[in-house]
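Report on the following structure.
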Amino acid sequence: MNRKRTFAVSLVLMIACAGLILTGGASNADAASPKLKVAFALLWTIDDQGWTTAHYHGIEYLKEKLGDKIEVSYTEKVLAADAERVFRNYAQQGYDIIFGTTFEHMDPLLNVAKDYPDIVFEHCSGFKTAPNMGNYFARMYQGEYLAGYMAGLMGFHNVGTVATNPIPEPIRGINAFTIGLLKGLKEAGHDAKGDKVNTIVWLKAWRDPINETTLAETLVARKHDLIRQMADTPDSSVAACAAGVPAIGYGEDAARYGADCALVSSIWNWGPIYVDKVQQVMEGTWKTGEYWGGFDRNNIVLSDFHASVPEAVREKVLAEKKKLEAGEDDIFAGPLYDQQGKLMVPEGQKASDKDLLTMRWLVKGVSGSIPQ
Amino acid sequence: MIEDLAFIGQIAVKSSIAVLLATLGEIVAERSGILNLGVEGMMLTGALCAAAAGIATGNPILAVAAGTLAGGLLALVHGFFAVTLRVNQVLSGLALTLLGMGVTSFLGRPLIGIAPGVRLRAVPIPGLADIPVIGDIFFRQSPLAYLAYVLVPLCWYWIFHTGTGLKIRAVGEDAAAVDAAGIDVFRIRYLCTFAGGLGAGLAGAYLSLSYTPGWKESMTGGQGWVAIAMVIFATWNPLRAVVGAFLFGGLTALQFYFQAVGVELVPAYVLKMLPYLLTIAVMILVNVGPGRRFGGPAALGVPFSREG
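Protein chains in written order, with the numbering used here: chain A, 1 to 372; chain B, 1001 to 1308.
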């Protein structure tokens, strides 16, 4: 058989297979026309048990609340390289509001927003806005703070954290958790002064089930008494359970995904944001801006506690949660010191939202560093 | 310190088993002259089928068999293109990887989040497991790890000390000569490609039944590619594959250990790069200097046809 032909056959084969991959993510659209059209671009599949599942729960909530007035579509696995095409496609089809749900969607969304001034764009977890593009995020660190507080009250003083990527969002979460942990330990009568109570190890990925497992097992072998999951998949919590060490879930309720030892999980709750934004567009009251809600606006929720969490601890944690629900967020109130003991937030002051969004230092009590 | 050594070793061995099994399979295939770059795809397929069979039947033996066989069957697709149609093996292998990734991502969706039907937990071997350090490192592992321990010498003996092994190596060196001697080149190449797929499928089954039970999309995380590099690192010898795989596992274990202890002697990025750097180094070493004692099979990737 001649070489060129075999080469061509092989090429066709490869292209066919590549096509299969690209269409691996599903698109879903409801029919009907006069309704408001809402579109979502999702990072991964709706059943990733983490980030995208949380957004999907938000979409389901939106449909439940406004289902008869809107038409909702979503596309899965919209990676950075493909994002602009997906957004442009939705814009051309006349969608009224388009959501980009991961950090990497920011610039592609902005590019398309410039070309379609009459369409509303909303971006999750970024920092750029336009007259017709707003951004939104949830104060996950509040849930992480409560989880840390609970762990401290229960006397855990050697936590091992499976951290993800060394950028401000996880760093903020690590700090909030550690601040809560130290507060809890103090109230429980443990003298944790000067101790490193929370050891962090970076995965350098948002999800990587095999390495999450390896990392959690390494931390268990290093005799850490509690494993804290930060990755999108529950595998580090599951691995901790299998090794007989309690875990703390993140993003979704880890206990629902096989980590039956998870003491508590802090969970994204995007639904209320989506209903608000869509309603504003419907009523013509939508304005661009930056939205960052926490427990006060029900954008973060806490899972049920594990049976082993004592009643007294639950009461204290829930009392602290009440404060956050009332808008009293003093988590990053001074004095706060970094790992070297340098004063970062003086007494009487509080880290501003801008400080939080650009946070690149770890609080005292954390063992580990931020890789460059 | 000794304790740390024991658990680093334990995690290193645990992390190396999948790569080792896939490497063994690929060595057999490449020894017969078939280059199969589809290892990653076959591993994923094996992982998915093992997880699915585990959920469906709850039977560990059936689950392992299903994963292993799935890898083998997918390899036969490569066999058909590479041996019968004589297409470019690099392209066909890459297509197999892409096919495996796409198909498993599509078909695996209903399995995500379902409790795994089979969990192959570590089983300490009585007696051996109590040896200090060594016992902790090698004899408190998954049953599939023990299977790998047995397969390594068997595979080595098969390739280097049996009549069939001689034929396999001969086909990989000069298929035309072997054909002239009256040996069925096609049959041997199909057989070896199939065996290679079995290795990759078993490696996938190890990941989804033992390492982190349950199916997760693209859960192999590039280990199939590491296996292909390890074949070269091992210079097509099953015994040396152990060194390569253990090196990979050791680096995996160490990159987290250093961070956990708080002394990052070598940056994690460098550790991740090391298996590939070493492979390149081995390739250079075996190709400079006189002769090519450690070189690959001469007819690797070369299709055979009687018309020449």
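Where a beta carbon is used, it is the ideal one built from N, C-alpha and C, also for glycine.
These numbers come from a predicted model, not from an experiment.
Which of helix, strand or coil DSSP assigns to residue i
i, result
"lysine 350(A)", "strand"
"leucine 302(A)", "strand"
"histidine 157(A)", "coil"
"lysine 223(A)", "coil"
"arginine 360(A)", "coil"
"leucine 22(A)", "Any reading at leucine 22(A) must be qualified, since the residue scores a pLDDT of 48, below 50, and its modelled position is unreliable; the value itself is stated next. The answer is helix: DSSP assigns leucine 22(A) an H, G or I state."
"glutamine 1259(B)", "helix"
"leucine 36(A)", "strand"
"isoleucine 1125(B)", "coil"
"glutamate 76(A)", "coil"
"histidine 1161(B)", "helix"
"glycine 1296(B)", "coil"
"alanine 31(A)", "The pLDDT assigned to alanine 31(A) is 49, lower than 50, so where the model puts this residue is not dependable; a value taken from the coordinates is nonetheless given after this. In this structure, alanine 31(A) counts as coil in the three-state DSSP scheme."
"tyrosine 382(A)", "Nothing can be reported for residue 382(A), as the shown portion of chain A is limited to 1 through 372."
Environment of residue i [buried if 16+ CB atoms lie within 10 Å]
i, result
"alanine 81(A)", "exposed"
"isoleucine 1027(B)", "buried"
"asparagine 175(A)", "buried"
"glutamine 432(A)", "Residue 432(A) cannot be examined here, being either before or after the span of chain A that is shown, 1 to 372."
"glutamate 217(A)", "buried"
"alanine 1145(B)", "buried"
"histidine 157(A)", "buried"
"glutamate 64(A)", "exposed"
"asparagine 211(A)", "buried"
"arginine 1140(B)", "buried"
"glycine 327(A)", "exposed"
"isoleucine 267(A)", "buried"
"tyrosine 257(A)", "buried"
"threonine 1212(B)", "buried"
"methionine 1001(B)", "exposed"
"lysine 128(A)", "exposed"
"threonine 233(A)", "buried"
"glycine 1079(B)", "buried"
"arginine 360(A)", "exposed"
CB contact flag (residue i, residue j, <8 Å)
i, j, result
"serine 1015(B)", "threonine 214(A)", "yes"
"alanine 307(A)", "phenylalanine 332(A)", "no"
"valine 1118(B)", "leucine 1209(B)", "yes"
"leucine 1037(B)", "alanine 1241(B)", "no"
"alanine 188(A)", "glycine 152(A)", "yes"
"valine 1013(B)", "isoleucine 1137(B)", "yes"
"serine 303(A)", "valine 366(A)", "no"
"tyrosine 136(A)", "lysine 183(A)", "no"
"leucine 1300(B)", "glycine 1093(B)", "no"
"proline 335(A)", "leucine 343(A)", "yes"
Nearest-angstrom Cβ-Cβ length linking residue i and residue j, presumed shorter than 8 Å
i, j, result
"alanine 41(A)", "phenylalanine 87(A)", "7 Å"
"isoleucine 70(A)", "leucine 36(A)", "5 Å"
"leucine 181(A)", "valine 159(A)", "7 Å"
"glutamate 1030(B)", "valine 1226(B)", "At roughly 15 Å, the Cβ-Cβ gap does not stay under 8 Å, so glutamate 1030(B) and valine 1226(B) are not in contact."
Distance between residue j and residue i (C-alpha atoms, nearest Å)
i, j, result
"glutamate 252(A)", "proline 1297(B)", "51 Å"
"alanine 147(A)", "lysine 316(A)", "12 Å"
"glycine 1100(B)", "methionine 1042(B)", "6 Å"
"tyrosine 1190(B)", "threonine 1252(B)", "34 Å"
"glutamine 280(A)", "glycine 1072(B)", "56 Å"
"phenylalanine 161(A)", "glutamate 1040(B)", "This sequence places threonine at residue 161(A); phenylalanine is not what is there. Roughly 30 Å separates the two Cα atoms."
"asparagine 299(A)", "glycine 271(A)", "8 Å"
"isoleucine 1125(B)", "tyrosine 1149(B)", "13 Å"
"aspartate 329(A)", "valine 345(A)", "15 Å"
"alanine 32(A)", "phenylalanine 1304(B)", "Because the pLDDT at alanine 32(A) is just 45, under 50, the model does not fix this residue reliably, and the point stays unresolved."
"valine 1282(B)", "serine 1105(B)", "35 Å"
"alanine 221(A)", "isoleucine 248(A)", "17 Å"
"threonine 52(A)", "lysine 1272(B)", "28 Å"
"aspartate 30(A)", "threonine 288(A)", "Confidence in aspartate 30(A) is poor, its pLDDT being 49 and thus under 50, which makes the residue's placement unreliable; the coordinate value appears in the next sentence. Roughly 27 Å between the two C-alpha positions."
"threonine 23(A)", "tyrosine 250(A)", "The predicted model places threonine 23(A) with a pLDDT of 47, which falls under 50 and marks its position as unreliable, so this point remains unresolved."
"leucine 1020(B)", "valine 1270(B)", "22 Å"
"proline 310(A)", "tyrosine 90(A)", "50 Å"
"phenylalanine 177(A)", "phenylalanine 1248(B)", "34 Å"
"methionine 1(A)", "aspartate 1179(B)", "Model confidence at methionine 1(A) stands at a pLDDT of 44, short of 50, so the residue's coordinates are unreliable; what they give is reported in the following sentence. Computed Cα separation, rounded: 19 Å."
"isoleucine 1131(B)", "leucine 1202(B)", "28 Å"
"aspartate 225(A)", "isoleucine 167(A)", "26 Å"
"tryptophan 286(A)", "leucine 110(A)", "17 Å"
"phenylalanine 121(A)", "leucine 1035(B)", "49 Å"
Contact test: residue i Cβ vs the ligand HEM heavy atom, cutoff 7 Å
i, result
"glycine 1054(B)", "Looking at this structure, you won't find the ligand HEM or any other ligand, since it has none at all."
Between the segment 213-229 of chain A and chain D, which residues of the former have a C-beta closer than 7 Å to a C-beta of the latter?
The displayed structure is made up of protein chains A and B, and chain D is not among them.
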